[in-house]
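Novice: Shown below is the structure under consideration.
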Amino acid sequence: MPIGNLTSQIFANIYMNELDQFMKHDLKVKYYVRYTDDFVIVSSDLSYLVELLKPIQEYLEKYLLLKLHPKKVFIRKYAQGIDFLGYTVLPYHISVRTKTRRRLFRKFKERIRSYKSGLISEKVLLGSLRSYLGVLSHANANKLQKELLNKFSFWLFE
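Residue numbering for the sequence shown follows this note's numbering, beginning at 13 and increasing consecutively.
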């Protein structure tokens, strides 16, 4: 199933519900959040986080036939920020990940080119603009929102 397909997200949530129940009821993890196949556990106790790895790995392999990606498991201090779903979440600040920002601006410029060449309508273009502004609205990104609106005007009329 293609990534990004709504049904793949629904199926992932149904399938991964078992992991949620395991985390909450068996491991009693207090600060746990998951979106499809990405999850974060927050704790001030480093040894607790390290101890959680083995039971989580075993549960995923035995019951869900899944494995943690060896290059995507990080234990770090929360002051360094949590890289999650295209954002960097810090204790009192959320910023858009640099890679996400670059992709957003590149894709939006492509949408404007498609509009200018008649491949998409004005309604679709404005929908894209609202969508990108929506992504930025979940972070402390007022400057980026203004930059996107300025580039929108510039790219549209260049």
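Just so you know, even glycine gets a beta-carbon here, dropped at the ideal spot from N, CA and C.
1. Here's the rule I'm using: 16 or more other beta-carbon atoms within 10 Å means buried, otherwise exposed. How should residue 80 be labelled?
2. Go through its chain and collect everything with a Cβ distance to residue 67's Cβ below 7 Å, but skip five positions before and after it.
3. Does DSSP put residue 145 in a helix, a strand or coil?
4. What would DSSP say about residue 150, mapped onto helix, strand or coil?
5. What does DSSP give as the partner residue(s) for residue 47 in the beta ladder?
6. For residue 14, is the classification buried or exposed, using 16 other Cβ atoms within 10 angstroms of its Cβ as the cut-off for buried?
7. For the beta strand (DSSP E) containing residue 116, list its first residue and its last residue.
Specialist: Put simply:
1. Taking the first residue of the sequence shown as position 1, residue 80 is located at position 68. By the 10 Å Cβ count, residue 80 comes out exposed.
2. Position 55 of the sequence shown, counted from the first residue, corresponds to residue 67. Cβ neighbours of residue 67 beyond the five flanking positions: 39.
3. As a working mapping, residue 145 is identified with position 133 in the sequence shown. Helix.
4. The count along the sequence shown starts at 1 and reaches residue 150 at position 138. Note: residue 150 maps to coil in three-state DSSP.
5. Taking the sequence shown and counting its residues from 1, the one referred to as residue 47 is at position 35. Looking at the DSSP assignment, residue 47 forms a beta bridge with 50.
6. Position 2 of the sequence shown, counting from 1, holds the residue named residue 14. Below a pLDDT of 50, predicted positions are generally treated as unreliable, and residue 14, at 49, falls in that range; the measurement from the model is reported next regardless. Exposed: under 16 other Cβ atoms inside 10 Å.
7. Numbered from 1 along the sequence shown, position 104 holds the residue referred to as residue 116. Counting along the chain, residue 116 falls outside any beta strand (DSSP E), though it belongs to the alpha helix (DSSP H) covering 110-128.
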